[in-house]
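Trainee: Numbering (the working numbering), first residue to last: 3 to 83. I'd like to ask some things about the structure below.
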Ligand SMILES: [Zn+2]
């Protein structure tokens with residue numbers, strides 16, 4: 003699967019917020035955001051994910067997915083430090 007470019011990520015972030023992406027796409031967006039300074043400067047990733055979690059609080063699977071992606075993101079970022 004080809005990596006996402008910044009334009010694709012910027013388009014997908016809105017779907018991201020509405021939990022409309024498939025888990026596979028979510029992984030691609032997460033990996034891009036974790037490794038792209040341009041996008042990371044563009045989005046406060048923790049805030050984006052907190053919004054996902056809040057919006058999906060009545061939908062357990064979506065909330066769990068968002069939590070899982072956020073912890074994966076932290077793993078990737080910790081690894082780089
Ligand atoms: Zn980017």
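The beta carbon of each residue, even a glycine, is placed where N, CA and C say it ideally should be. Fair warning: this is a prediction, and the values are worked out from it, not measured in the lab.
State yes or no: is the C-beta of residue 40 nearer than 7 Å to some heavy atom of ligand 1?
Mentor: Along the chain shown, one-based indexing puts residue 40 at 38. Yes.
Trainee: Consult DSSP for residue 41 and reduce its assignment to one of helix, strand or coil.
Mentor: Translated into the one-based positions of the chain shown, residue 41 becomes position 39. Residue 41 falls in the helix class under three-state DSSP.
Trainee: Should residue 11 be counted as a contact of ligand 1 given a C-beta to heavy atom distance under 7 Å?
Mentor: The count along the chain shown starts at 1 and reaches residue 11 at position 9. It does: the Cβ of residue 11 is within 7 Å (strictly closer) of some heavy atom of ligand 1.
Trainee: I'd like to check one pair, residue 5 with residue 34: are the Cβ atoms closer than 8 Å?
Mentor: In the chain shown, counting from the first residue as 1, residue 34 sits at position 32. In the chain shown, counting from the first residue as 1, residue 5 sits at position 3. For residue 34 and residue 5, yes; Cβs fall inside 8 Å.
Trainee: Taking only the alpha-carbon atoms, compute the straight-line gap between residue 73 and residue 10 and give it to the nearest angstrom.
Mentor: The residue you call residue 73 lines up with position 71 of the chain shown. The residue you call residue 10 lines up with position 8 of the chain shown. Cα-Cα distance, rounded: 22 Å.
Trainee: Considering only the beta carbon of each residue, do residue 36 and residue 75 sit closer than 8 Å?
Mentor: Looking up residue 36 in the chain shown gives position 34. Looking up residue 75 in the chain shown gives position 73. Contact flag set, yes.
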